[in-house]
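This report concerns only the one structure given below.
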Amino acid sequence: MRKLYVLLLGLLLAGQATPTRAADNGSWSVYPVASKIAQRPYFYLSADPGQTLTDKVAVQNKTGGPLTFRLYPADAYNTARDGGFAVRTVKERMLGVGAWARLAQSRVTVPGHTTVTVPFTLRVPQGAEPGDHPGAIVALDERVDPGSGRLALGVQRAVGARVYLRVSGPTLPALSVGQLHISHHQPLIPGFGAGTATVSYTLANTGNVTLDPRVELKARGLFGRTLLDRELSRVPSQLLPGQRVRLTETWRGAPQLDWGDVTLTASAPGTRQSASASFLALPWLVVALVCAAGVAVGVLLVRARRGRVRRSARVRPSPRVRPTPSRPRSSPSARP
């Protein structure tokens, strides 16, 4: 049977572990060349529209044999699944750092246990929008490791050093919270198991600077009782400009019988937004049984009423026919 090969890009980016550690997958690493002052965990660059910057990236081969890489600049984005920091592939369209940066070499072969330095330039367009333009310098191993089995998955690995570019001009931090929805998961029999709820929402960075959002979740039941009040932990540590992510939060111990509302508040320096949604928690099995019992009782009552009506109804007698009065017979007249 013909095998199907799927390309999987495993991308490791600088700053995922300790800040002073280069992006590393065990076989090679990519990092900014150290400045005269200190080492840099990633590229922090500032420029005016129309300005050109120069820098250098280092690619270190930690294996014993030579490795050949495809070097390319890429735009960064937040993954839709969890808001993680990711970069575009080499075949995707670039609009920021990926389009503005040019490396001196697009392919480089690094001998075993050796580090190669590659210069690059970054030309910011004259009409570039102010604010943050995140990206990365990526070293991609173009070899595809074929998998085994009837459905073979090929794995292609890459490592990238993050680039944080800020174009001078007005900055606007802005968050947006929307599409708040809550779904309940109740045990079949109330009291036999814990109730849970899933709170899903959309978090968007509508400004032009990278944000470290803080999200708080509050739930209130009938009569204003506080059911939940906590800060969420599954939130992206860096929400990039123009990015939108769909996130979920599990609420364990959610009420099994209540009516209230959920409020979600997202904040970052200079911005704060909230969204609310109502919820109705009911033990649906009990509700269904009560409804079925009510329908059955209603049917029995209707039948009983109809039976009483039939028994109490009197049969009307047929109307009496009045006899028609007979005309008296005229006596024959006497003949003369």
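Reading the sequence shown from the start, the letters are residues -22 to -1, 1 to 314 in mature numbering (1 follows the signal peptide of the UniProt record, and there is no 0). Think of the CB as a built atom: it goes at the ideal place given N, C-alpha and C, for glycine as much as any other residue. Treat the numbers as computed from the prediction; the structure is a model and nothing was measured.
Use the C-beta contact count for residue i: other C-beta atoms within 10 angstroms, 16 or more gives buried, fewer gives exposed.
{"i": "L181", "result": "buried"}
{"i": "D60", "result": "exposed"}
{"i": "F47", "result": "buried"}
{"i": "Y22", "result": "exposed"}
{"i": "D110", "result": "buried"}
{"i": "L153", "result": "buried"}
{"i": "L258", "result": "exposed"}
{"i": "T87", "result": "exposed"}
{"i": "T188", "result": "buried"}
{"i": "L225", "result": "buried"}
{"i": "A12", "result": "exposed"}
{"i": "F63", "result": "buried"}
List the endpoints of the continuous beta strand (DSSP E) containing residue i.
{"i": "V86", "result": "R85 to V88"}
{"i": "A52", "result": "L45 to N56"}
{"i": "V75", "result": "Here V75 belongs to no beta strand (DSSP E); instead the alpha helix (DSSP H) covers V75 to W78."}
{"i": "V96", "result": "T92 to R101"}
{"i": "G109", "result": "G109 to D119"}
{"i": "V223", "result": "R222 to R230"}
Distance, Cα to Cα, residue i vs residue j?
{"i": "S7", "j": "L158", "result": "40 Å"}
{"i": "G185", "j": "T243", "result": "17 Å"}
{"i": "A255", "j": "P19", "result": "42 Å"}
{"i": "E107", "j": "R198", "result": "42 Å"}
{"i": "T99", "j": "V35", "result": "11 Å"}
{"i": "V94", "j": "A232", "result": "56 Å"}
{"i": "residue 317", "j": "P112", "result": "An answer regarding residue 317 cannot be provided, because it is not within the stretch -22 to 314 covered by the chain."}
{"i": "L49", "j": "V68", "result": "9 Å"}
{"i": "A139", "j": "G173", "result": "44 Å"}
{"i": "D53", "j": "G238", "result": "43 Å"}
{"i": "L118", "j": "Q221", "result": "25 Å"}
{"i": "R135", "j": "D2", "result": "11 Å"}
{"i": "P27", "j": "V145", "result": "7 Å"}
{"i": "G90", "j": "S84", "result": "19 Å"}
{"i": "A175", "j": "L206", "result": "12 Å"}
{"i": "D236", "j": "S252", "result": "22 Å"}
{"i": "V65", "j": "K40", "result": "23 Å"}
{"i": "L263", "j": "H162", "result": "With a pLDDT of only 48 at L263, under 50, the local geometry of the prediction cannot be trusted, and the value read off the model is given with reservation. Answer to the nearest angstrom: the Cα atoms are 13 Å apart."}
{"i": "Q17", "j": "R250", "result": "35 Å"}
{"i": "L143", "j": "W78", "result": "11 Å"}
{"i": "V133", "j": "N56", "result": "22 Å"}
{"i": "R80", "j": "V240", "result": "49 Å"}
{"i": "L45", "j": "D123", "result": "14 Å"}
Give the secondary structure of residue i by DSSP, where H, G and I count as helix, E and B as strand, and everything else as coil.
{"i": "R192", "result": "strand"}
{"i": "R66", "result": "coil"}
{"i": "L158", "result": "strand"}
{"i": "residue 321", "result": "Residue 321 is absent from the structure shown; the chain starts at -22 and stops at 314."}
{"i": "L150", "result": "coil"}
{"i": "L210", "result": "coil"}
{"i": "R283", "result": "helix"}
{"i": "G202", "result": "helix"}
{"i": "P27", "result": "coil"}
{"i": "K40", "result": "coil"}
{"i": "A255", "result": "strand"}
{"i": "R250", "result": "strand"}
{"i": "A12", "result": "coil"}
{"i": "Q104", "result": "coil"}
For residue i, which residues of its own chain have a beta-carbon under 7 Å away from its beta-carbon, when the five flanking residues on both sides are left out?
{"i": "E227", "result": "V177, L195, L210 and R212"}
{"i": "Q38", "result": "W6, S7 and T93"}
{"i": "D190", "result": "S215, Q216 and A246"}
{"i": "A82", "result": "V96, P97 and F98"}
So, for residue i: in the same chain, excluding its five sequence neighbours on each side, which residues have a beta-carbon less than 6 Å away from its beta-carbon?
{"i": "P(-4)", "result": "The predicted model places P(-4) with a pLDDT of 38, which falls under 50 and marks its position as unreliable, so this point remains unresolved."}
{"i": "G248", "result": "P151"}
By Cβ distance below 8 Å, which residues in the same chain neighbour residue i in space, the five residues on each side in sequence not counted?
{"i": "T30", "result": "T99, L100, R101 and V102"}
{"i": "G156", "result": "Y179, T180, A182 and A253"}
Is the Cβ of residue i closer than 8 Å to any Cβ of chain B?
{"i": "T204", "result": "Of the protein chains in the structure, only one exists, and it is not chain B."}
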